[in-house]
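Visitor: What follows is a single structure, and I will ask about it in a moment.
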Amino acid sequence: MALTADALEAISSMVEQASEGRMVQTMGALFTYLEDKQLMRRQRVSPRFVHCHPANRDGYGLNAMDCHSLLRDISACGWNWAQVDAVACEVPGSGPAHDSVLEFNVAQQLGSGGLLPTVEPHTIKLASLSCSHTNMALRLILAEMAHESDSLCLNGRLNLERVRQHDAQLYEASQSGLQWRVICADVMQAVPKLASLVQAARARAPAGPPHFEHVAGSVGW
Numbered sequence: 021m022a023l024t025a026d027a028l029e030a031i032s033s034m035v036e037q038a039s040e041g042r043m044v045q046t047m048g049a050l051f052t053y054l055e056d057k058q059l060m061r062r063q064r065v066s067p068r069f070v071h072c073h074p075a076n077r078d079g080y081g082l083n084a085m086d087c088h089s090l091l092r093d094i095s096a097c098g099w100n101w102a103q104v105d106a107v108a109c110e111v112p113g114s115g116p117a118h119d120s121v122l123e124f125n126v127a128q129q130l131g132s133g134g135l136l137p138t139v140e141p142h143t144i145k146l147a148s149l150s151c152s153h154t155n156m157a158l159r160l161i162l163a164e165m166a167h168e169s170d171s172l173c174l175n176g177r178l179n180l181e182r183v184r185q186h187d188a189q190l191y192e193a194s195q196s197g198l199q200w201r202v203i204c205a206d207v208m209q210a211v212p213k214l215a216s217l218v219q220a221a222r223a224r225a226p227a228g229p230p231h232f233e234h235v236a237g238s239v240g241w
């Protein structure tokens, strides 16, 4: 659905309210509004098409070692879909927004010492605002990267068949991807501060059951 002037006014108002206080409550109401107006959808997306938003973790993004640690912990405790609350935004196929996500993720990969898989420009469809480490753990599996979990590896590298034998649900997640709440690109372009507010709201949310990214000791937002 197109972003109307009325919808933009309502979204901007809620974003300002979130900036001033009651952030978690207001952002929850905003997500409900976006879904009602068909400006946010739920979609399962292959991990290879989801990359880290430049605003993720205040611009810090991914910690490559945490991604591998997370995968080891998931291997030990087992995959659980209920632990996943994934939020992302659409990325246009070209233009400044696409280039920003591409450059950020290429820099992350180049700085990882070979721990993260390469980034192909045509794979940038979504930019993650949460569950970025979880998605990257699944990308590690798809790329069959070097890794230290004996139960998931063959000759020191992740192996899809070994993953399937060890944990069928983890294998399924690597193939089908996470279920994402996807904010449309028009909203993100019109209200650029929304990305950082999503991050801040998740950081301030009350503690609940431990999510995968908390189990691994990485920041789960």
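Residue numbers for the sequence shown follow this note's numbering, beginning at 21 and rising by one.
Note that the Cβ used here is the ideal one computed from N, Cα and C, for glycine as well.
Quick caveat: nothing in here was measured; it's all calculated off a predicted structure.
1) Hey, quick one: how far does the alpha helix (DSSP H) through Val126 stretch, first residue to last?
2) First and last residue of the alpha helix (DSSP H) that includes Cys72?
3) Tell me which residues share the same chain as Pro137 and place their Cβ nearer than 8 Å to its Cβ, disregarding the 5 neighbours each side in the sequence.
4) For the structure I just gave you, are there three or more beta carbon pairs, one from the segment 145-152 and one from the segment 62-71, closer than 8 Å?
5) Going by DSSP, which residues form a beta bridge with Met60?
6) Could you give the first and the last residue of the continuous beta strand (DSSP E) run that contains Val107?
7) Given this structure, state the Cα-to-Cα distance separating Glu168 from Pro141, to the nearest angstrom.
8) Going by other Cβ atoms of all chains shown within 10 Å of its Cβ, with 16 needed for buried, is Pro230 buried or exposed?
9) What is the rounded straight-line gap between the Cα of Ala221 and the Cα of Tyr53?
10) Measuring alpha carbon to alpha carbon, tell me which residue in Ala49, Asp26 and Ala22 is nearest Val218.
11) Quick one: what's got a C-beta closer than 7 Å to Met47's C-beta in the same chain, skipping five residues either side?
12) Between which two residues does the beta strand (DSSP E) containing Leu146 stretch?
13) Taking just the CA atoms, how far does Gly113 sit from Gly81?
14) May I ask you to report which of helix, strand or coil DSSP gives Ala166?
15) Quick check: the Cα distance between Val235 and Ala127, rounded to an integer number of angstroms?
16) Taking 8 Å as the limit between beta carbons, can you name the residues of its chain near Gly237, skipping five residues before and five after?
17) Which residue wins for smallest C-alpha separation from Asn83, given the options Gly197, Asp170 and Gly131?
18) Determine whether the beta carbon atoms of Gln63 and Met21 lie at a separation below 9 Å.
19) By the three-class DSSP mapping on this structure, what secondary structure does Cys173 have?
Guide: Quick look at the numbers:
1) Mapped onto the sequence shown, residue 126 falls at position 106. Residues Pro116 to Leu130.
2) Indexing the sequence shown from 1 puts residue 72 at position 52. Note, Cys72: premise wrong, no alpha helix (DSSP H); beta strand (DSSP E) at Val70 to Cys72.
3) Locating residue 137 in the sequence shown gives position 117, counting from the first residue. So the qualifying residues of the chain are Gln129, Arg159, Leu160, Leu162, Ala163 and Met165.
4) Contact between the segment 145-152 and the segment 62-71 is present, with at least three C-beta pairs closer than 8 Å.
5) Within the sequence shown, numbered from 1, the residue matching residue 60 stands at position 40. Answer is Ile203, bridged to Met60.
6) Stepping through the sequence shown from its first residue, residue 107 is reached at position 87. For Val107, the enclosing beta strand (DSSP E) stretches over residues Ala106 to Glu110.
7) Against the sequence shown, residue 168 aligns to sequence position 148. Against the sequence shown, residue 141 aligns to sequence position 121. Cα-Cα distance, rounded: 28 Å.
8) Taking the first residue of the sequence shown as position 1, residue 230 is located at position 210. Note that Pro230 scores a pLDDT of 46, beneath 50, so its modelled location is shaky; the value from the coordinates is reported in the next line. By the 10 Å Cβ count, Pro230 comes out exposed.
9) Locating residue 221 in the sequence shown gives position 201, where the first residue counts as 1. Locating residue 53 in the sequence shown gives position 33, where the first residue counts as 1. When rounded, the distance between both Cα atoms is 16 Å.
10) Taking the sequence shown and counting its residues from 1, one reaches residue 218 at position 198. The shortest Cα separation from Val218 among Ala49, Asp26 and Ala22 belongs to Ala49.
11) Within the sequence shown, the letter at position 27 stands for residue 47. Apart from sequence neighbours up to five positions away, the residues of its chain that approach Met47 with a beta-carbon distance below 7 Å are Ala38, Leu217, Val218 and Ala221, ordered along the chain.
12) What you label residue 146 is simply residue 126 of the sequence shown in a count that begins at 1. Taken as a continuous stretch (DSSP letters only), the beta strand (DSSP E) holding Leu146 covers Leu146 to Ser148.
13) Counting from 1 along the sequence shown, the entry for residue 81 is found at position 61. Counting from 1 along the sequence shown, the entry for residue 113 is found at position 93. Answer to the nearest angstrom: the Cα atoms are 21 Å apart.
14) Numbered from its first residue, the sequence shown carries residue 166 at position 146. Residue state for Ala166 is assigned as strand, using DSSP reduced to three classes.
15) Taking the sequence shown and counting its residues from 1, the one referred to as residue 235 is at position 215. Taking the sequence shown and counting its residues from 1, the one referred to as residue 127 is at position 107. Note that Val235 has pLDDT 44, beneath the 50 cutoff, so the model's placement of it is unreliable and no number is given.
16) Residue numbering aside, residue 237 sits at position 217 when the sequence shown is read from its first letter. Legend: pLDDT at Gly237 = 41, less than 50; position of this residue unreliable, no value from coordinates given.
17) By one-based count along the sequence shown, residue 83 stands at place 63. Looking at the Cα atoms, Gly131 is the closest of the given residues.
18) Sequence index remark: in the sequence shown, residue 63 carries index 43 (1-based). Sequence index remark: in the sequence shown, residue 21 carries index 1 (1-based). Gln63 places its beta carbon 9 Å or farther from that of Met21.
19) The residue given as residue 173 occupies position 153 in the sequence shown. Cys173: strand per DSSP, three-state reduction.
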